[in-house]
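These notes concern the structure reproduced below.
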Amino acid sequence: MRKRPLSWALLVVSSLLAAFGVWAGEASALWQKAVSVCLSCIGIG
Amino acid sequence: MERGRRRIQIFSLLLANSYWLFPWKDRIFQGWTKRICFPGLNCYSCPAAAFSCPLGGLQNAIAGIRPAFAVHQLHFGAYVLGTIGIFGSLMGRIPCGWFCPFGYLQEWLYRIPVRKFSLPRIFRWGPYLFLLFFVVLLPLFVVDVVGFGSAWFCKFVCPAGTLEAGLPLLAMEPGLRRLAGMLFFSKLAVLFAILAGCVVTNRFFCRTICPLGALFGLFNRVSLLRLRFDSDRCVQCSACRRICPVDISFFDGTDSINSGACIRCMRCYTICPAGAVSIDLYDVRDHTVQEEKGGS
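So the protein sequences, as listed, match chains D and W. Numbering of the first sequence is given in my numbering, commencing with residue 28 and proceeding in unit increments. Numbering of the second sequence is given in my numbering, commencing with residue 286 and proceeding in unit increments.
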């Protein structure tokens, strides 16, 4: 941890953001989007 | 190292698209792994996709911010941004050079023996503009009456969606084929234009359009894993410049070796005859890396 404090700080902040997202239900919301066909992605909707 | 990178690219391609039961099922994969963002451009509507696309996830989160906040849900893309940040702060754009299935496809297309072209440097702004407008601003501000935006990049540009999801799904589903209209054919035209670009210019899509690469690129200068250039050892042979797939020129001081455009394929590290390029992993000393390079 003695070098690159900014890199470590970004890693910690990113991990906290991801953990917050899971807590807030974003991973489940992502799953709901990802398990049905995305009409925008395939050029229909 | 290049052989190892190829193997990892093939493994990543197969891992990202590891659901091979799709021809016998009437739905795309619905397992728990789709809660995880794959570190590369791989459409989650691809019938074989086993993971989620971070770019699609981010756009949908941004497009749904207003309705989510209206019902007191704190959904603003923290999960996807955090996942991208974890990969980025650890290794910068290594996902682009080593894991991304669409990046691997581009490298194959560039092997087609036709006349090749280099890109003017101004095109390096392209991915940042696509990130700003198509991923953030348009999904956030162009909304319908209930406040939902659209995933603009997925809808109008994304070649991975058309190639991996649009074409196979339309081939398998007659019902979807009947719905294909102008939007689909315009996306098809965009796909072919991008693929043609990739044949004549190395990593054309990464260098001119890819917003995911732009996001990872923001971390190149601050990631734990970085490249280091020792100008005292450099013999100015320009081998690194000639082998670089994204035309970065650090040996003459034009670019930083940790430029946001670098996809970290490590070809410069492998080819440098003077050992002027080293991998710098926070407290690994330079000579240790050089010894490993000599021993491999």
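Don't be surprised by glycine CBs; every beta carbon is placed ideally from N, CA and C.
Measuring only between beta-carbons, confirm whether Phe514(W) sits less than 8 Å from chain D.
-> By 1-based counting over the second sequence, the position of residue 514(W) is 229. Not one chain D Cβ lies under 8 Å of Phe514(W).
Quick one: what's got a C-beta closer than 8 Å to Arg400(W)'s C-beta in the same chain, skipping five residues either side?
-> The residue given as residue 400(W) occupies position 115 in the second sequence. Around Arg400(W): Val485.
In this structure, what does DSSP give as the bridge partners for Ser34(D)?
-> The residue labelled residue 34(D) in the question sits at position 7 within the first sequence. Paired residues: none, contrary to the question.
Short CB-CB distance (under 8 Å) between Lys578(W) and chain D | Reading the second sequence from its first residue, position 293 is the one you call residue 578(W). The predicted position of Lys578(W) is uncertain, since its pLDDT is 48 and thus under 50; no value can be drawn from it.
Pick from Pro352(W), Ala478(W) and Gly432(W): whose alpha carbon is nearest that of Leu448(W)?
-> Start at 1 with the first residue of the second sequence, and residue 448(W) comes out as number 163. It is Ala478(W) whose Cα lies nearest to the Cα of Leu448(W).
In its own chain, which residues sit with a C-beta less than 6 Å from the C-beta of Leu582(W), not counting the 5 before and 5 after it?
-> A query on residue 582(W) cannot be resolved here, the shown segment of chain W reaching from 286 to 581 and no further.
List the whole-angstrom C-beta distance separating Phe408(W) from Phe438(W), where the pair is believed to meet the contact cut-off of C-beta under 8 Å.
-> In the second sequence, counting from the first residue as 1, residue 408(W) sits at position 123. In the second sequence, counting from the first residue as 1, residue 438(W) sits at position 153. Rounded, the Cβ-Cβ distance is 17 Å, inconsistent with contact.
Minimum C-alpha distance to Ala481(W) - residue among Gln391(W), Pro339(W), Ala301(W) and Lys310(W) = Residue numbering aside, residue 481(W) sits at position 196 when the second sequence is read from its first letter. Measuring from the Cα of Ala481(W), the nearest candidate turns out to be Gln391(W).
For chain D, is any of its Cβ atoms less than 8 Å away from the one on Phe330(W)?
-> Start at 1 with the first residue of the second sequence, and residue 330(W) comes out as number 45. Residue identity differs from the one stated: residue 330(W) is Ser in this sequence, not Phe. Closer than 8 Å: yes.
Give every residue of the same chain whose Cβ lies closer than 7 Å to the Cβ of Pro436(W), excluding the five residues on either side of it in the sequence, and list them in chain order.
-> Along the second sequence, read from residue 1 onward, the residue named residue 436(W) stands at position 151. According to the sequence as given, residue 436(W) is Ala; it is not Pro. Hits under 7 Å: Gly341, Gln344, Asn345, Ala348 and Pro424.
How about Gly446(W) and Ile69(D): do their beta carbons lie closer than 8 Å?
-> Position 161 of the second sequence, counting from 1, holds the residue named residue 446(W). Position 42 of the first sequence, counting from 1, holds the residue named residue 69(D). Yes, the Cβ-Cβ distance between Gly446(W) and Ile69(D) is below 8 Å.
In this structure, does DSSP put Arg312(W) in helix, strand or coil?
-> Reading the second sequence from its first residue, position 27 is the one you call residue 312(W). Three-state DSSP puts Arg312(W) in coil, outside helix and strand.
Which residues, in order along the stretch 483 to 498 of chain W, keep a beta-carbon less than 8 Å from a beta-carbon of chain D?
-> none
Same chain only: Cβ atoms within 7 Å of Gly538(W), ignoring 5 sequence neighbours per side | For the purposes of this step, residue 538(W) is taken as the residue at position 253 of the second sequence. Excluding positions up to five away in sequence, the list is empty.
Please compile the residues from chain D whose C-beta is within a distance smaller than 9 Å of the C-beta of Phe354(W).
-> Working through the second sequence from its first residue, we reach residue 354(W) at position 69. Within 9 Å Cβ-Cβ: nothing; Phe354(W) doesn't reach chain D, min ~11 Å.
With distances taken Cα to Cα, identify the nearest neighbour of Gln358(W) among Leu57(D), Gly52(D), Trp58(D) and Val64(D).
-> To locate residue 358(W), count along the second sequence from 1; it is residue 73. Gln358(W) has its Cα closest to that of Gly52(D), out of Leu57(D), Gly52(D), Trp58(D) and Val64(D).
When the cut-off is 8 Å and only beta carbons count, does Gly446(W) lie next to chain D?
-> Here residue 446(W) corresponds to residue number 161 of the second sequence, with the count starting at 1. It does: the Cβ of Gly446(W) has a partner Cβ on chain D nearer than 8 Å.
Please state whether DSSP places Gly579(W) in a helix, a strand or coil.
-> Mapped onto the second sequence, residue 579(W) falls at position 294. In this prediction, Gly579(W) has a pLDDT of 45, which is less than 50 and means its spatial position is unreliable; what the coordinates show is noted afterwards. It is helical.
Leu566(W) in three-state terms, based on DSSP = In the second sequence, the residue the question calls residue 566(W) occupies position 281. Three-state DSSP puts Leu566(W) in a strand.
For Val428(W) and chain D, any beta-carbon pair shorter than 8 Å?
-> Residue 428(W) sits at position 143 when you count from the first residue of the second sequence. For Val428(W), the answer is no, since every Cβ of chain D falls outside 8 Å of its Cβ.
Check whether Gly432(W) and Thr493(W) have beta carbons under 8 Å apart = As a working note, residue 432(W) is residue 147 in the second sequence. As a working note, residue 493(W) is residue 208 in the second sequence. No.
Beta-ladder partner(s) of Arg462(W), from DSSP = On the second sequence, residue 462(W) is found 177 positions in, with the first residue counted as 1. DSSP, once it has assigned bridges, lists no residue as partnering Arg462(W).
Sort out for me which residues DSSP pairs Cys322(W) with in a bridge.
-> Numbered from its first residue, the second sequence carries residue 322(W) at position 37. Beta-bridge pairing links Cys322(W) to Ser337(W).
Contact with chain D by His357(W), beta-carbon distance below 8 Å = Translated into positions along the second sequence, residue 357(W) becomes position 72. No - not a single Cβ of chain D is within 8 Å of the one on His357(W).
Note down, in chain order, every chain D residue with its Cβ under 7 Å from the Cβ of Val507(W).
-> Walking along the second sequence from the start, residue 507(W) turns up at place 222. Neighbours of Val507(W) on chain D, chain order: Leu33, Ser34 and Leu37.
Examine chain D for any beta-carbon lying closer than 8 Å to the beta-carbon of Ile313(W), and answer yes or no.
-> One-based indexing of the second sequence puts residue 313(W) at position 28. Yes, Ile313(W) lies at the interface with chain D (some Cβ there is under 8 Å from its Cβ).
For Leu461(W), return the contacting residues in chain D, with the cut-off set at a CB-CB distance below 9 Å.
-> Mapped onto the second sequence, residue 461(W) falls at position 176. Chain D residues near Leu461(W): Val64, Leu66, Ile69 and Ile71.
From Gln521(W) to Asp565(W), what does the alpha carbon distance come to, in whole angstroms?
-> On the second sequence, position 236 is the one that residue 521(W) refers to. On the second sequence, position 280 is the one that residue 565(W) refers to. Their Cα atoms are separated by approximately 21 Å.
Give the straight-line distance between the Cα atoms of Ala36(D) and Ser42(D), rounded to the nearest whole angstrom.
-> Locating residue 36(D) in the first sequence gives position 9, counting from the first residue. Locating residue 42(D) in the first sequence gives position 15, counting from the first residue. Distance between the alpha carbons of Ala36(D) and Ser42(D): 10 Å.
Entirely enclosed alpha helix (DSSP H) segments - the stretch 517 to 544 of chain W, minimum 4 residues = 524 to 528
Out of Ser374(W), Pro405(W), Leu404(W) and Glu458(W), which has the shortest C-alpha to C-alpha gap to Leu509(W)?
-> Within the second sequence, residue 509(W) is the residue found at index 224, counting from 1. Considering only alpha carbons, the answer is Ser374(W).
Selection from Tyr304(W), Leu394(W), Lys319(W) and Pro530(W) that minimises the alpha carbon distance to Leu404(W) | Your numbering for residue 404(W) matches position 119 in the second sequence. Comparing Cα positions, the closest option is Pro530(W).
Determine, using beta carbons only, whether Arg378(W) comes closer than 8 Å to chain B.
-> The chain labelled as chain B is not found among the protein chains of the depicted structure, namely D and W.
Helix, strand or coil for Met28(D), going by three-state DSSP, please let me know.
-> On the first sequence, position 1 is the one that residue 28(D) refers to. The pLDDT assigned to Met28(D) is 47, lower than 50, so where the model puts this residue is not dependable, and the model offers no usable value.
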